[in-house]
Amino acid sequence: NTGFAGIQNELFGFDNSIMVFGDAKDMLQQLLKDLKEL
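Written out as structure tokens, the structure reads:
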């Protein structure tokens, strides 16, 4: 996938990265809740 400038973002190809979609506040609260349950 290329971005606005037509340049592919290298972060998308890293094995140790993920993309989180959704409202930032809601997603962060859910991630923190899930981490506390580990």
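For the sequence shown, this note's numbering gives the first residue as 1330, with consecutive numbering after it. Every residue gets a Cβ at the ideal spot worked out from N, C-alpha and C, and that includes glycine. All of these numbers come straight from a predicted model, not from anything done at the bench.
What's the C-alpha gap between N1338 and G1351?
20 Å
Alpha carbon of G1342 to alpha carbon of F1333, nearest angstrom:
17 Å
Endpoints, the alpha helix (DSSP H) within which Q1358 is located
1353-1365
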